Amino acid sequence: GSTIGILGGGQLGRMLSVAAARLGFKTCVFEPAGDCPASHVANYHLQASYEDESALKKFADSVDVITYEFENIPTSALDTLEAIRPIHPSREALRISQDRLIEKDFLTNLGLTVAPYAHVNSEEDLRAAVAKVGLPAILKTCRFGYDGKGQARLETEADIAPAWEAMAGAPSVLEGFISFTKEISIIAARGPSGEVSCYDPGENVHEGGILRTTTVPAVIPASLRTDAVLLAARVLNALEYVGVMGVELFVTPNGLLVNEIAPRVHNSGHWTQNGCTVDQFEQHIRAVAGWPLGNGARHADIVMENLIGDDMDRVPELAKSADAALHLYGKAEVKKGRKMGHVNHIKRP
Ligand code: ATP
Ligand code: MG
Ligand code: MG
Numbered sequence: 437g438s439t440i441g442i443l444g445g446g447q448l449g450r451m452l453s454v455a456a457a458r459l460g461f462k463t464c465v466f467e468p469a470g471d472c473p474a475s476h477v478a479n480y481h482l483q484a485s486y487e488d489e490s491a492l493k494k495f496a497d498s499v500d501v502i503t504y505e506f507e508n509i510p511t512s513a514l515d516t517l518e519a520i521r522p523i524h525p526s527r528e529a530l531r532i533s534q535d536r537l538i539e540k541d542f543l544t545n546l547g548l549t550v551a552p553y554a555h556v557n558s559e560e561d562l563r564a565a566v567a568k569v570g571l572p573a574i575l576k577t578c579r580f581g582y583d584g585k586g587q588a589r590l591e592t593e594a595d596i597a598p599a600w601e602a603m604a605g606a607p608s609v610l611e612g613f614i615s616f617t618k619e620i621s622i623i624a625a626r627g628p629s630g631e632v633s634c635y636d637p638g639e640n641v642h643e644g645g646i647l648r649t650t651t652v653p654a655v656i657p658a659s660l661r662t663d664a665v666l667l668a669a670r671v672l673n674a675l676e677y678v679g680v681m682g683v684e685l686f687v688t689p690n691g692l693l694v695n696e697i698a699p700r701v702h703n704s705g706h707w708t709q710n711g712c713t714v715d716q717f718e719q720h721i722r723a724v725a726g727w728p729l730g731n732g733a734r735h736a737d738i739v740m741e742n743l744i745g746d747d748m749d750r751v752p753e754l755a756k757s758a759d760a761a762l763h764l765y766g767k768a769e770v771k772k773g774r775k776m777g778h779v780n781h782i783k784r785p
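The number in the numbering used here is simply the position in the sequence shown, starting from 1, with 436 added.
What follows is the structure, encoded as structure tokens:
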């Protein structure tokens with residue numbers, strides 16, 4: 437049988453490994469950390485740094501195709517890997533989503549709407565950006581941000597200096613604050629022959645920058661549902677994408693705005709594990725392995741709730757519930773703000 441190589445050993449890599457195993461694949465996870473969620477379920481764990489060229493070569497040689505669970509893979513590592521085995525989704529999808537500025541330019545050029553934005557490389561730039569974008573606004577580092585990290589909120593001009601300081605000199609982008617009516621996301625997949633399939637959009641609630649719940653179906657007009665599907669398909673087709681992508685959207689009175697895209701399976705798609713015949717993890721493995729896409733139609737109403745930090749105390753109670761499907765990541769240490777697992781509350785069978 438073939439082996440799928442997965443870059444990154446977190447919970448997404450773990451759930452990709454489980455899905456791959458169900459389809460009869462073996463998995464090899466490349467991850468610098470030792471005791472990581474994916475290492476417990478993958479067939480092989482290659483524990484090495486992304487700077488270790490011979491380890492990267494060994495990894496690539498041992499697999500048939502390479503995918504990833506996070507977007508911040510160093511370019512040098514990609515060069516080494518891609519010379520040996522195909523990487524899906526493509527380098528181009530990574531290049532664009534690794535940098536918020538490049539991503540916003542890309543989406544704008546596709547004719548999609550994003551929040552007003554401006555590039556910021558200095559405090560002086562930030563003053564000019566505030567004049568252009570207006571207040572309130574959010575300053576975000578271009579690279580490496582997740583779960584709301586690397587962001588500073590600006591309410592007044594007095595926030596300019598401290599906000600720039602908080603970026604620690606990193607190239608950043610200022611975004612106008614969007615007073616959205618709700619946040620939704622669409623998990624979209626594109627197969628090897630170009631077919632596109634989208635999951636039903638979910639409604640997302642964040643707390644402190646971290647996803648708290650995703651509810652499906654999202655309560656939105658049918659026209660917005662269509663807009664979300666068409667917009668996601670436009671992004672996937674433009675990239676000749678192969679795999680699953682998460683597209684985060686703001687719903688506003690003027691329609692949908694794209695917040696960000698993630699070239700991988702996405703936390704807001706975890707509901708698909710108990711709401712669809714083929715979940716986002718299997719869908720991604722199918723695409724990457726050259727299989728046709730599977731049936732992603734939704735057959736239940738679900739509230740996906742992340743179990744963050746001390747939420748783990750509720751596991752014994754949740755384990756007794758008839759309509760709670762638990763997914764735990766096997767992380768040894770509970771930490772504040774750390775995603776430990778999630779539960780899919782099934783609202784209608
Ligand atoms: P993720 O873990 O999703 O990758 P991230 O660190 O990349 O998170 P964003 O998605 O940019 O962060 O922002 C996190 C949340 O902050 C958003 O889901 C939204 O609730 C809020 N937010 C971000 N940008 C804006 C904006 N321009 N206007 C209003 N709210 C925003
Ligand atoms: Mg992000
Ligand atoms: Mg986000």
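Glycine included, each C-beta is placed from N, C-alpha and C at the ideal position. Note that this is a predicted model, so its numbers are computed, not measured.
*Taking 7 Å as the line, does the beta carbon of Tyr-553 fall inside it for any heavy atom of ligand 2?*
no
*Would you list the residues sitting across from Tyr-635 in a DSSP beta bridge?*
Paired residue(s): none; Tyr-635 is not in a bridge.
_If you reduce the DSSP assignment to three classes, tell me which class Glu-487 lands in._
coil
_Classification of Pro-752 by the beta-carbon crowding that lies within 10 angstroms, buried from 16 upward_ = exposed
*How is Asp-737 classed by DSSP in three states: helix, strand or coil?*
strand
*Whole angstroms is fine: what's the gap from Cys-712's alpha carbon to Lys-756's?*
23 Å
*Within the present structure, is the beta-carbon of Gly-645 separated from the nearest heavy atom of ligand 2 by less than 7 Å?*
no
*How long is the line joining the alpha carbons of Ala-456 and Ile-442, rounded to whole angstroms?*
11 Å
*Might you give, ordered along the chain, the residues of its own chain that have their beta carbon closer than 8 Å to the beta carbon of Asp-759, omitting 5 neighbours on each side?*
His-781, Ile-782, Lys-783
*Return helix, strand or coil for Met-776, following the three-state DSSP convention.*
strand
*When you compare only the Cα positions, how much space is there between Ala-604 and Thr-577?*
9 Å
*asked:* On the DSSP letters alone, give me the boundaries of the beta strand (DSSP E) that Gly-441 sits inside.
replied: 439-443
_Residue from His-735, His-720, Arg-734 whose Cα sits closest to the Cα of Pro-728_ = His-720
_Secondary structure of Leu-743, DSSP reduced to three states_ = strand
*According to DSSP, which residues form a beta bridge with Lys-649?*
The residue you asked about is not Lys; residue 649 is Thr in the sequence shown. DSSP output for Thr-649 lists Val-641, Glu-741 as bridge partner(s).
_What residue range does the beta strand (DSSP E) around Met-451 cover?_
Here Met-451 belongs to no beta strand (DSSP E); instead the alpha helix (DSSP H) covers 447-458.
*Measure the alpha-carbon distance for Leu-647 versus Pro-637 and round it to whole angstroms.*
15 Å
_Minimum C-alpha distance to His-735 - residue among Trp-707, Val-701, Asp-500_ = Trp-707
*Take Asp-471 as the anchor and find which of His-481, Glu-505, Gly-437, Ala-513 has the nearest alpha-carbon.*
His-481
*Report the three-state DSSP secondary structure of Thr-617 (helix, strand or coil).*
coil
_Could you check whether the stretch 685-693 touches the stretch 606-624, counting it as contact only if at least three pairs of C-beta atoms, one from each stretch, sit closer than 8 Å?_
yes
*asked:* Using 8 Å for Cβ pairs, my map puts Ile-502 next to Leu-530. What's the rounded Cβ distance?
replied: Going by Cβ atoms, the distance from Ile-502 to Leu-530 rounds to 12 Å, so no, they are not a contact pair.
*Residues with a Cβ closer than 7 Å to any heavy atom of ligand 3, in chain order?*
Glu-684, Asn-695, Glu-696
*Just the C-alpha distance for Asn-742 and Met-776, rounded to the nearest angstrom, thanks.*
8 Å
*State the beta-bridge partners of Tyr-553 as determined by DSSP.*
Glu-611
*asked:* Check this for me: beta carbons of Gly-444 and Phe-506, under 8 Å apart or not?
replied: yes
*Contained beta strand (DSSP E) runs [length at least 3] in the stretch 540-608, N- to C-terminal order*: 553-556, 573-577, 587-590
_Distance between beta carbons of His-555 and Gly-766, contact taken as under 8 Å_ = Contact doesn't hold; Cβ gap of about 40 Å is too wide.
*Taking 7 Å as the cut-off, is the CB of Gly-581 close to at least one heavy atom of ligand 1?*
yes
*In the DSSP assignment, find the beta strand (DSSP E) that holds Leu-687 and state where it starts and stops.*
It is Val, not Leu, that sits at residue 687 in the sequence shown. That run of the beta strand (DSSP E) goes 679-688.
*At least three beta-carbon pairs within less than 8 Å, the stretch 519-536 to the stretch 457-466*: no
*Consider the C-beta atom of Ala-761 and the heavy atoms of ligand 2; say whether any pair is separated by less than 7 Å.*
no
*Where do the ends of the alpha helix (DSSP H) carrying Glu-696 lie?*
No alpha helix (DSSP H) contains Glu-696, which is instead part of the beta strand (DSSP E) from 691-698.
*Quick one: what does DSSP say Ile-538 is sitting in, helix, strand or coil?*
helix
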